[in-house]
Amino acid sequence: MDKIAMIGGGSWATALTKILSENGAHVGWWMRSKDDVQHLLRTRHNPRYLSSVAFDLSRVFPSTELKETVEEADWLVLAVPAAFVQSSLDKLDRDLLKNKRVISAIKGMVPSKNVLVTDYVAERFRLSHERIGVVAGPCHAEEVALEKQSYLTIGSPSLALADDFCHLLRNRYVKAHPMEDLDGIEYFAVMKNIIALTCGIAHGLGYGDNFQAVLVSNAVQEMRRFVHAMNPQPRDLSASAYLGDLLVTAYSQFSRNRTFGNMIGRGYSVKSAQMEMNMVAEGYYAVKSIHELNKKLGVHMPITSAAYHVLYEKISPAVELEILKEKFR
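So the sequence shown is numbered by this note's numbering: it starts at 929 and just counts up by one.
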């Protein structure tokens, strides 16, 4: 039986725990909140996220003890917000992960370092990238809870590792396939949140479907330019790990980044939108990280720049979108 340490108590951690445990894996589930752990142990439900999902406590073991949860596992799955990765993992001894395989289910970058989560893990724990993978969609946690047909991609330089984790995920409503493009998949996962956020801003301002289609089309070109500058190699960007993940995040009612952007477009401040959502929109942090990285690269990125101006320089969303729309073809 595969032993997995799930790190995080949010909706994506909850969805992955559902899939993995129902497929027969032993899942040690670390959460920050003692109250949430106690609630799970009493009721078999996560009180905050996807609360309709009931867990089999003979396979799922909630805990607030991070070290013990990780020690007992073969696999480590990271599903905390990117902003909390360092504060969570820096407590662990550098050698604790040396015989483990690590999967990042985080769609963001480590903000203080502007690096991919997988790069941070490799450096912090002295791990080869051959022992690391990343989960890509298109897949929303809410639809996993409803057991809607979903597709996942596992990216890793090691196709054997990726295929092994795909095997742990596949069931009647989840299909999973491996890919070798770790960096490309991860950068796309980060950037699609920026695009979804910008789509939300446009929607909040009253722009319609016609504009959003053009925004997303231009976004694919912007993402291609940036990812090629960071990690040049041939990629079929029409694949579901790239385009599919972008589309579901940009258009779905479940997209927290689109929801966050919509609130900004309607006049909310960043702080008030964050407080009302009570969930982390990874795109907010990703905008700054990608903007900082691009200072050295000089890639033409009008959508990311527009989002940065609105979120971090407090430029009026209406003014910024007026400027942005003139740059589209």
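Just so it is clear, CB atoms sit at the ideal spot from N, CA and C, and this is done for glycine as well.
Item, Value
"Which residues bound the alpha helix (DSSP H) around LYS1199?", "1198-1205"
"Please confirm whether ILE1258 and VAL1043 have their CB atoms less than 8 angstroms apart.", "Outside the modelled stretch of the chain, which goes from 929 to 1257, sits residue 1258, for which no answer is possible."
"Could you tell me which residues DSSP puts in a beta bridge with LEU1044?", "MET1037"
"Between the segment 941-960 and the segment 1094-1108, can you find at least three pairs of beta-carbon atoms closer than 8 angstroms?", "yes"
"Under 8 angstroms: do the segment 1143-1160 and the segment 1200-1216 share three or more Cβ pairs, one atom per stretch?", "no"
"What's the C-alpha gap between HIS954 and CYS1067?", "23 angstroms"
"On the DSSP letters alone, give me the boundaries of the alpha helix (DSSP H) that PRO1085 sits inside.", "Segment: none, PRO1085 is in no alpha helix (DSSP H) and carries neither H nor E."
"Which runs of the alpha helix (DSSP H), 4 residues or longer, sit entirely within the segment 951-1038?", "962-971, 994-999 and 1013-1017"
"Could you tell me the alpha carbon to alpha carbon distance between ALA1011 and LYS1041, rounded to whole angstroms?", "10 angstroms"
"Take LEU1165 as the anchor and find which of ILE1129, MET1107 and ILE1192 has the nearest alpha-carbon.", "MET1107"
"Kindly indicate the opening and closing residues of the beta strand (DSSP E) around HIS1228.", "Here HIS1228 belongs to no beta strand (DSSP E), and DSSP marks it neither H nor E."
"Skipping 5 residues on each side, what residues in its chain have a beta carbon closer than 7 angstroms to that of PRO1085?", "HIS1057, GLU1058, GLU1108 and LEU1110"
"Under 8 angstroms: do the segment 979-989 and the segment 954-971 share three or more Cβ pairs, one atom per stretch?", "yes"
"Which same chain residues end up closer than 7 angstroms to LEU1087 when comparing Cβ atoms and leaving out the 5 residues on each side of it in sequence?", "PRO1106 and GLU1108"
"Since ILE1243 is in the beta strand (DSSP E), which residue starts that stretch and which ends it?", "Where ILE1243 is concerned, there is no enclosing beta strand (DSSP E), given that its DSSP letter is neither H nor E."
"Using CA atoms only, rank isn't needed, just tell me which of GLU1075, ASN1222 and LEU1055 is closest to ALA943.", "GLU1075"
"Using only the heavy atoms of the ligand MN, determine whether one of them is closer than 7 angstroms to the beta carbon of VAL1148.", "For the ligand MN, the structure offers nothing, since it holds no ligand at all."
"Please state if the CB of GLY938 and the CB of ASP964 are separated by a distance shorter than 8 angstroms.", "no"
"May I ask you to verify whether the segment 1212-1227 touches the segment 1163-1177, counting CB pairs closer than 8 angstroms and requiring at least 3?", "no"
"CB LEU1125 to CB ASN1185, shorter than 8 angstroms?", "yes"
"State the CB to CB distance for the pair ALA1090 and GLY1061, rounded to an integer number of angstroms; the pair is presumed to be in contact (CB under 8 angstroms).", "5 angstroms"
"Within this structure, are the beta carbons of VAL998 and LEU969 separated by less than 8 angstroms?", "no"
"Run through DSSP, which three-state label would GLY1172 get?", "helix"
"Looking at the secondary structure, which residues open and close the alpha helix (DSSP H) in which MET1274 lies?", "Residue 1274 cannot be examined here, being either before or after the span of the chain that is shown, 929 to 1257."
"So which of ASN1190, MET1158 and THR1187 has the shortest CA-CA distance to ILE1218?", "MET1158"
"What is the DSSP secondary structure of TYR1135, counted as helix, strand or coil?", "coil"
"Between which residues of its own chain and ALA933 is the CB-CB distance below 6 angstroms, once the five residues before and five after are set aside?", "GLY956, THR997, VAL998, ALA1001 and LEU1004"
"Please report the distance separating the alpha-carbon of PHE1154 from that of ASN1138.", "25 angstroms"
"Nearest CA to the CA of ASN1190: which residue from LEU1133, VAL1148 and LEU1239?", "LEU1133"
"Determine the extent of the beta strand (DSSP E) in which GLY1061 is found, giving its start and end residues.", "1060-1064"
"Quick check: what's the CA-CA separation for TYR1240 versus LEU1055?", "34 angstroms"
"Rounded to the nearest angstrom, how far is the Cβ of ILE1129 from that of VAL1238, given a contact under 8 angstroms?", "7 angstroms"
"Start and end of the alpha helix (DSSP H) containing ALA1167?", "Per DSSP, ALA1167 belongs to no alpha helix (DSSP H) and is neither H nor E."
"VAL1072 lies in the beta strand (DSSP E); which residues open and close that run?", "First-last for VAL1072: 1069-1073, but that is the alpha helix (DSSP H), not the beta strand (DSSP E)."
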